[in-house]
Each structure stands twice: as structure tokens, then as C-alpha cells.
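Following: one structure in C-alpha cells, then a few remarks.
Chains as they are written, first to last, in my numbering: chain S, 25 to 481; chain R, 544 to 847.
See below:
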């Protein structure tokens with residue numbers, strides 16, 4: 025046996041290092057059909073299983089390998105921004121919020137998906153498709169950067185038992201906006217009189233945290249006639265008296281409920297999970313929150329699951345149908361991805377109606393299927409479960425409009441800065457007039473929009 | 544032989560040390576190769592995980608146009624004020640408490656050791672679950688604190704996280720709760736390093752109790768205390784966990800500190816450069832602290 029000398033150890037070490045370095049391209053070549061896919065972790069385990077099944081089926085059919093990671097959406101957003109900034113990106117990333125796709129499309133950081141989406145776009149909810157069709161400030165044109173897969177709206181969630189205990193009758197629930205909301209008002213006093221100390225009528229999210237308060241304010245503003253805050257040409261209409269009037273009415277409605285003690289005081293600093301926790305603790309009779317994750321969290325607790333009524337948008341005060349704002353989520357391919365061809369193939373596979381339907385059904389329908397034809401024909405979506413029926417009816421069948429981020433990425437920054445919710449707080453806590461709060465918020469929004477001029481569409 | 548050449552011969556030879564030789568030092572033959580083999584991994588790690596991130600961060604925040612944008616953010620000023628309060632009150636109060644407690648834990652007795660073990664727990668438990676628990680504990684409606692107040696005194700406590708000052712106060716108290724044990728242990732180690740003879744001599748001279756602390760212990764600990772305070776200030780400037788998980792910067796963005804503003808800009812606004820710029824705007828405070836710290840670390844003698 026040869027003696028180990030310092031020189032021989034060093035020589036061997038350098039030799040191994042060199043062999044490793046030279047061997048690396050071989051490994052890379054061998055993995056040419058492997059793609060890295062980042063998706064958001066589901067709210068219920070069934071969602072994750074459904075994704076894994078879909079990925080495994082793709083692997084079987086294509087012979088390619090999908091290296092996937094499922095990450096909670098807040099962490100995923102941070103991971104994705106970091107990846108795009110550093111340039112070390114996976115092949116496919118799921119959009120997990122309202123801001124990433126519009127802002128990264130604006131900066132030309134995503135691969136165009138027109139060749140995938142254009143041929144099949146007719147099958148999707150047309151009003152939601154703009155959520156995938158973003159403006160690129162380098163090419164000065166709009167393109168599809170997100171593959172449409174999951175549609176989501178914001179329904180009402182109502183505890184039936186609390187309504188009954190509070191002396192209400194859900195069969196008498198009015199169907200116009202103000203009357204619908206006011207139905208819950210007197211329940212609080214009766215519930216408290218019945219011995220429930222900490223119970224409130226509403227679970228409005230009046231916090232400057234996450235996307236829920238943005239959804240809440242927008243829905244209220246749209247209900248009062250302010251849907252044209254941002255129009256499809258990307259223009260901001262803070263100077264439109266109708267928009268301003270609607271925004272003020274929205275603030276008044278939300279803050280009056282708070283001032284009257286009908287909303288849990290803690291809602292001014294709720295984070296994303298707090299309203300769900302509060303609702304599950306029966307702290308409020310009604311909550312207004314995106315998707316049916318609130319219900320699905322209790323999926324295995326049948327009694328409580330059945331005790332929740334999911335309700336779509338009521339009519340406007342003058343009896344017209346109100347459009348629900350919807351977001352359409354799906355995967356993007358970041359520029360710099362090593363294997364764009366396989367990434368596109370995977371995305372295309374995932375978007376196939378049959379595959380997508382099975383995937384979303386596997387996830388218990390937390391995300392609705394954005395394909396009306398299948399929604400109407402598959403009983404899973406509109407017949408098998410009352411929560412899902414109400415939610416899918418609202419998201420896919422009834423009138424919808426895209427979130428404003430589809431029109432101009434500036435609104436993503438307006439939302440992230442919570443310029444409106446800061447004003448809501450001033451009205452509730454500092455006695456500011458709602459008109460002044462809206463003026464301040466709109467002024468800031470105008471400053472931000474000035475950075476995102478859309479020259480053509 | 545000329546005079547000049549005689550002088551040349553008489554002059555001692557000038558040793559011109561080449562760069563190569565100065566790098567090699569006194570190492571000979573394979574010793575140098577060995578030294579290199581041991582040093583390279585550390586240099587590699589240092590370059591990859593210290594130099595690269597720092598330079599990358601500086602590069603990300605180097606665009607001058609970022610700063611007017613940061614300064615025009617409506618919440619920037621209140622964020623700076625919060626940062627100063629968080630550090631000024633949080634760090635100093637924590638260090639002062641740690642200084643006092645380190646004296647207490649010098650006491651003899653097995654129960655003091657047991658108490659120390661329990662006292663260290665807040666530092667030992669993972670930070671994020673702790674702060675999320677505090678966020679829930681302080682909830683006005685279903686939080687543990689207000690429920691206890693109601694159960695014990697039949698009173699409804701305030702919504703702790705609903706007002707800027709109670710929310711910021713909660714963050715400061717949580718910071719003190721979390722980090723006091725760590726600095727107490729450091730200062731305890733400093734106290735234990737003071738030779739007992741000094742205290743014994745002081746006792747002979749009549750310095751006991753508070754007098755002994757003021758005239759003996761504290762002067763001996765002063766340098767360590769200052770270095771710990773500076774270090775803690777630097778750590779806290781870059782730490783976003785307390786604010787991020789307890790108040791989330793709320794209510795209405797009123798409790799952000801520069802670190803959380805940076806996180807918001809980087810990820811919620813998806814503008815990492817703006818996020819780095821927010822954090823970099825703390826450099827005028829950070830750089831003097833680092834310089835003072837470096838100078839203090841050079842001090843090798845006990846300062847009485």
C-alpha cells in the first residue's frame with residue numbers, strides 16, 4: 025500500500041476537484057429534459073397532492089422530469105422576486121400575488137406566452153383573461169405572460185348558526201348591496217345579549233397588510249359605481265367625479281361599521297390569516313374574503329363546514345348586477361430559464377382543459393376553473409357542493425371584471441403601499457374626513473401612476 | 544578601488560522583499576502549499592458569503608435616483624423615527640437590564656443556576672413562532688393577554704396593535720424579552736472574568752454593594768458593555784423579524800422600521816433595488832457605529 029504523503033493528498037484533492045469540475049457539464053447535459061417548477065403550496069393538503077399528480081402524469085407522458093417545490097405563497101413571492109433579480113431562475117414559477125406578473129412583465133423579465141395562450145384563449149372567461157395579458161415597457165406592447173389556470177373571486181362567508189341565533193332569517197337576506205350588508209347589523213346586539221361577548225357583525229379587513237383589504241375596498245367602490253378607477257387603457261381616473269364619489273361612499277360604509285363597533289377593532293392590524301382565524305373562532309357573523317379557503321379549512325369538520333353559507337355579490341343598490349373583480353393566476357416562465365421549450369410544453373400540458381379540470385378538482389375547487397364550458401358540464405363545479413356552487417357561479421358564470429393590475433402595474437404599487445387603507449385608518453382613528461382621505465390617497469396614486477406611462481395598448 | 548566603490552562594498556546589502564516572498568512569510572517548501580490548501584476554503588467562503596452579498600447589495604442600491612424616491616415615500620419619515628426609537632429605547636433598555644441581571648446571576652446558589660436556565664429560554668426558542676405568537680397574544684379580541692385581563696379583573700384590555708405607540712411599544716418589549724437573556728449571558732461572562740482579588744481588595748477598602756458596582760465592576764465592564772451595545776445596535780438596525788411578525792408595520796404602516804420598509808419595497812412592491820436603498824439609507828448611522836466598534840475592539844487593555 026502506497027504511503028500517504030502531504031504531496032499525494034494534495035495531488036489527489038486537486039485531481040478530484042478537477043474531475044468534479046470537468047464532470048459537471050455531463051451532469052448538466054444529462055438533465056437537459058429536467059425543468060424546475062415552483063408552485064404555491066395549497067391551503068389544504070389536497071391541493072398539493074393534486075399538483076403532484078399532475079406533474080407525475082406529465083412526467084409519464086413526456087419523459088421529462090419535473091423538479092418541483094411547493095412553497096407558501098408569501099415566501100414564494102419573495103423567492104420569485106429574488107430569483108428574477110439575481111437571474112438564477114427556475115423554468116416555471118406560479119404567480120402567487122397581484123404584483124409580480126404585471127411588474128415583471130413591465131420590466132421585460134418574463135417570456136411571452138402568446139404562442140400558448142392565443143390558440144386556446146376562447147375557452148377561458150373573457151373578462152378574466154386581461155389578468156394574464158400585461159404591458160411590456162420595453163417592447164411597448166401587451167402580451168400574454170401568464171398561462172391562465174386558476175380564477176378567484178371574493179365571496180361572502182356567513183355563519184348560518186350565528187344568523188339564526190341572532191334572530192335573523194337567511195331566507196330573508198336582501199339582495200341589494202346596502203340592504204344585504206345592513207341585514208347583519210342588528211345581529212351583533214342580539215348575539216351579545218345572548219351571552220356572546222366578543223362577536224361582531226362584520227369581518228371587514230381594514231388593515232394595511234396583504235391583498236384582502238384591497239379586494240374589500242375595490243368591491244365596495246365598484247358596488248357604489250366606481251369600477252372605472254383604472255380603465256383597460258391603463259389610465260387612472262381619480263378625476264372622475266363618479267369614481268371619487270364611489271370611493272368616498274366605500275370609505276364611509278366601511279369606517280362607519282368600524283366606528284359603530286360592528287367590526288372587530290383588531291381588524292386594523294390583521295395579517296392575511298387573522299380574518300380566517302377570527303371567522304373560524306366565530307368572532308363575526310360575516311366575512312368577505314377571497315376564494316373558499318375559509319370553508320375548505322373546515323372541510324374535514326362537516327358540521328362547521330355545512331354551517332357556513334358562501335354568497336356571491338348581491339345586486340347594486342339600483343338593482344343591477346355587480347361585476348366581481350377576479351384574478352386569474354397561473355404559471356409564468358422567467359427570462360433566463362434554461363429550458364424554455366420544455367417549460368412551455370409543461371405549461372401547455374397543464375392548461376389542457378381535461379388536465380386542468382382534474383388538477384383543480386383535486387384541490388377541492390379552492391381555485392375555480394376558468395373554463396365556462398366545463399364548469400357548466402361537470403357537476404363538480406356547480407352542483408356537488410353549495411359553497412363551490414356559489415363561488416364558481418360568482419367567479420365564472422356571473423359578470424366579472426379583472427383586477428386593476430391587469431390594466432396598469434402602477435396599481436400594484438398603490439395596493440402594496442396601501443394608500444387607501446392608510447386613509448381608512450385616518451378616518452377611523454384620527455377623525456379625518458373621508459373626502460380628505462380619498463384626496464390624499466388619489467394624489468399618491470397619481471404620483472405612482474406617473475412612473476408607469478402606457479403609450480400604446 | 545575608488546572611495547565610492549569602497550562605500551558600496553561597505554554598505555549592508557539592501558534586502559528587497561518581493562511580493563511573493565512577503566506572501567510566503569517564513570513558510571518553506573510544502574508548508575506553503577499546505578497553508579494555501581487550508582486557507583483557500585475559508586477565503587472562498589468569505590468571498591462567497593460575505594464579500595459578494597455586501598458588494599451585490601451596494602451595487603443594487605447604488606442608483607442615485609432611488610434615493611429621492613425613497614425619501615418621497617409618505618411613510619419614510621415616520622419609519623426613520625420608529626427606527627431611532629426602536630434602537631434607542633429597545634437596545635439601551637435591554638442592555639441596561641442585562642447589565643443588572645448579570646450581577647444578579649453572579650450570586651451563588653443552585654437555584655440561581657436553575658433560574659438562569661429558565662431565563663435563557665426566550666432566547667433559545669425560535670424567533671419567528673415566538674413573534675407570531677406574540678402577534679396573536681396581543682390581539683384585542685381573542686388574544687391571551689386581554690382574555691386574561693377579562694378573566695382576572697373583568698376588564699376589556701385595549702387593542703394593543705391598533706395604535707402606533709402601543710404597537711411600537713409591544714415590539715420594543717418583545718425585542719427586550721427576546722434578546723435580554725443573550726446579552727445577560729455575555730455580560731455575565733465578562734463579570735466572571737474579573738479576578739476575584741479585585742473585588743476582595745475593594746471589600747477591604749470598604750466598597751461593597753452599589754459602591755463596588757460603581758467603582759469596581761462597572762469600570763471593568765464598561766468597554767465590554769459599550770462593544771455589546773454597539774453590536775446590538777448594528778444587529779437591530781438590520782433585524783426585521785420583530786416588526787414584521789408582530790405588527791406587520793401596521794397599523795396603517797405606522798410602525799415600519801427601515802429593515803421592514805426594505806422588505807416591503809423589495810417583495811411587496813417587487814422592487815428589490817428600492818428595498819436595498821431603504822436599508823442603505825441607514826448607512827450614515829451604521830458606518831460611524833462600525834468605526835467606533837472597530838476602534839473599541841482594538842483596545843487591548845482594561846480601562847479603569
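By construction, the Cβ of each residue, glycine as well, lies at the ideal position given by its N, Cα and C atoms.
Just so you know, these numbers come straight off a predicted model, no measurement behind them.
Which two residues bound the contiguous alpha helix (DSSP H) that contains residue i?
{"i": "residue 729/R", "result": "707-735"}
{"i": "residue 841/R", "result": "826-841"}
{"i": "residue 677/R", "result": "670-680"}
{"i": "residue 780/R", "result": "761-781"}
{"i": "residue 279/S", "result": "265-283"}
{"i": "residue 747/R", "result": "739-747"}
{"i": "residue 612/R", "result": "609-614"}
{"i": "residue 206/S", "result": "201-206"}
{"i": "residue 461/S", "result": "458-473"}
{"i": "residue 217/S", "result": "211-217"}
{"i": "residue 299/S", "result": "298-304"}
{"i": "residue 403/S", "result": "403-406"}
{"i": "residue 14/S", "result": "In the structure displayed, chain S extends from 25 to 481; residue 14/S sits before or after that span and is not available."}
{"i": "residue 814/R", "result": "Segment: none, residue 814/R is in no alpha helix (DSSP H) and carries neither H nor E."}
Any idea which residues DSSP pairs residue i with across the strands?
{"i": "residue 227/S", "result": "311/S"}
{"i": "residue 349/S", "result": "425/S"}
{"i": "residue 355/S", "result": "118/S"}
{"i": "residue 392/S", "result": "175/S"}
{"i": "residue 260/S", "result": "254/S"}
{"i": "residue 181/S", "result": "311/S and 334/S"}
{"i": "residue 134/S", "result": "358/S"}
{"i": "residue 488/S", "result": "Nothing can be reported for residue 488/S: it is not among the residues displayed for chain S, which extend from 25 to 481."}
Output the boundary residues of the beta strand (DSSP E) element that contains residue i.
{"i": "residue 426/S", "result": "424-426"}
{"i": "residue 166/S", "result": "165-168"}
{"i": "residue 160/S", "result": "157-160"}
{"i": "residue 414/S", "result": "Unbroken run through residue 414/S is the alpha helix (DSSP H), 410-416; no beta strand (DSSP E)."}
{"i": "residue 176/S", "result": "174-176"}
{"i": "residue 695/R", "result": "Careful: residue 695/R lies outside any beta strand (DSSP E), inside the alpha helix (DSSP H) at 687-696."}
{"i": "residue 333/S", "result": "332-335"}
Taking the Cβ atom as the reference point for each residue, do residue i and residue j lie within a distance shorter than 7 Å?
{"i": "residue 410/S", "j": "residue 395/S", "result": "no"}
{"i": "residue 177/S", "j": "residue 120/S", "result": "no"}
{"i": "residue 225/S", "j": "residue 309/S", "result": "yes"}
{"i": "residue 446/S", "j": "residue 796/R", "result": "yes"}
{"i": "residue 126/S", "j": "residue 358/S", "result": "no"}
{"i": "residue 349/S", "j": "residue 427/S", "result": "yes"}
{"i": "residue 367/S", "j": "residue 116/S", "result": "yes"}
{"i": "residue 799/R", "j": "residue 792/R", "result": "yes"}
{"i": "residue 674/R", "j": "residue 659/R", "result": "no"}
{"i": "residue 267/S", "j": "residue 122/S", "result": "no"}
{"i": "residue 391/S", "j": "residue 174/S", "result": "yes"}
{"i": "residue 723/R", "j": "residue 637/R", "result": "yes"}
{"i": "residue 717/R", "j": "residue 785/R", "result": "yes"}
{"i": "residue 389/S", "j": "residue 172/S", "result": "no"}
{"i": "residue 311/S", "j": "residue 227/S", "result": "yes"}
{"i": "residue 461/S", "j": "residue 451/S", "result": "yes"}
{"i": "residue 74/S", "j": "residue 387/S", "result": "yes"}
{"i": "residue 448/S", "j": "residue 469/S", "result": "no"}
{"i": "residue 132/S", "j": "residue 162/S", "result": "yes"}
Please confirm whether any heavy atom of the ligand PLP lies closer than 6 Å to the CB of residue i.
{"i": "residue 707/R", "result": "The model depicted lacks the ligand PLP and carries no ligand whatsoever."}
Q) Listed from N- to C-terminal order along the chain, which residues in the segment 561-579 of chain R have their beta-carbon within a distance smaller than 7 Å of any beta-carbon of chain S? A) Result list: 573, 576 and 577.
Q.
Output needed in chain order: residues of the segment 446-468 of chain S with a Cβ under 7 Å from some Cβ in chain R.
A. Flagged, chain order: 446, 449 and 468.
Q: May I ask you to list, following chain order, the residues of the segment 105-117 of chain S that have a beta carbon less than 9 Å from some beta carbon of chain R?
A: Within the segment 105-117 of chain S, the qualifying residues are 105, 106, 108, 109 and 110.
Q: Output the residue ranges of the alpha helix (DSSP H) runs that lie fully inside the segment 52-106 of chain S and measure 4 residues or longer, sorted by chain position.
A: With a minimum length of 4 residues, the continuous alpha helix (DSSP H) runs that stay inside the segment 52-106 of chain S are 69-86.
Q. For the segment 753-764 of chain R, which residues have a beta carbon sitting closer than 9 Å to at least one beta carbon of chain S?
A. Listed by position, the residues of the segment 753-764 of chain R near chain S (Cβ gap below 9 Å) amount to none.
Q: Report the residues of the segment 408-440 of chain S with a CB closer than 7 Å to any CB of chain R, ordered along the chain.
A: Only 437 and 440 from the segment 408-440 of chain S bring a Cβ to less than 7 Å from some Cβ of chain R.
Q. Of the residues that make up the segment 78-103 of chain S, which ones have a beta carbon closer than 8 Å to any beta carbon in chain R?
A. Residues passing the 8 Å Cβ filter: 101 and 102.
**Q.** Short-range partners of chain R found in the segment 285-296 of chain S, where Cβ spacing is below 8 Å
**A.** So the close ones are 288, 289, 290, 292, 293 and 295.
Q | Interface positions of the segment 597-613 of chain R facing chain S (Cβ-Cβ less than 7 Å), listed along the chain | A | Listed in sequence order: no entries.
Q: Closer than 8 Å, Cβ to Cβ, to anything on chain A: give me those residues from the segment 121-133 of chain S, in chain order.
A: Here chain A cannot be found, since the structure's protein chains are S and R.
**Q.** Against chain R: residues of the segment 304-321 of chain S by CB proximity under 8 Å
**A.** Shown in chain order are the members of the segment 304-321 of chain S whose Cβ falls below 8 Å from a Cβ of chain R: 305 and 307.
(Q) For the segment 214-241 of chain S, list every residue whose C-beta sits within 7 Å of some C-beta in chain R, in sequence order. (A) Residues of the segment 214-241 of chain S whose Cβ lies closer than 7 Å to any Cβ of chain R, in chain order: 222, 231, 232 and 233.
Q. Using Cβ-Cβ distances below 7 Å, what residues of the segment 808-824 of chain R are close to chain S?
A. Under the 7 Å Cβ criterion, the segment 808-824 of chain R contributes 809, 810, 811, 812, 813 and 815.
Q: Closer than 9 Å, Cβ to Cβ, to anything on chain S: give me those residues from the segment 827-840 of chain R, in chain order.
A: Interface annotation for the segment 827-840 of chain R against chain S: empty, criterion Cβ-Cβ distance under 9 Å.
Q | Interface positions of the segment 778-794 of chain R facing chain S (Cβ-Cβ less than 7 Å), listed along the chain | A | Taking 7 Å as the Cβ-Cβ cut-off against chain S, the residues of the segment 778-794 of chain R that qualify are 790, 791, 793 and 794.
(Q) Tell me which residues of the segment 704-731 of chain R have at least one Cβ-Cβ distance to chain S shorter than 8 Å, keeping chain order. (A) Going along the segment 704-731 of chain R in chain order, one finds 704, 705, 706 and 710 with a Cβ nearer than 8 Å to chain S.
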